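A.B. asks:
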Amino acid sequence: MFSGRYTFLKNWQATLDINNLLGSNYQRWYGYPMYGANLLAGVNYSFRSIRMK
């Protein structure tokens, strides 16, 4: 899993998570196959200031 966050304005942050990048076939539990390569992206707003690094 790869994940990243980027604060682009004072209270706004973008996120990106990439899972199973190589698309491996496997089962975490017997009979329950895992998803292939997938990603999750989002944008967050905070009512408190996010400390910019």
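Letter by letter, the sequence shown follows residues 901 to 953 of the numbering used here.
Idealized CB from N, CA, C, for every residue including glycine.
A quick note: this is a predicted structure, and the numbers were derived from the prediction, not measured.
I'd like the span of the beta strand (DSSP E) that includes S903, first residue to last.
C.D. replies: S903 -> beta strand (DSSP E) spans F902 to L909.
A.B. asks: In the DSSP assignment, what residue or residues form a beta bridge with Y932?
C.D. replies: Answer is W929, bridged to Y932.
A.B. asks: Give the range of the beta strand (DSSP E) segment to which L922 is assigned.
C.D. replies: Neither: L922 is in no beta strand (DSSP E) and is coded neither H nor E.
A.B. asks: Mind reading off the beta-carbon distance from D954 to M901? Whole number of angstroms is fine, and I expect it under 8 Å.
C.D. replies: The requested residue 954 does not occur in the structure, where the chain is confined to residues 901 to 953.
A.B. asks: Can you tell me whether DSSP reads A937 as helix, strand or coil?
C.D. replies: It is coil, neither helix nor strand.
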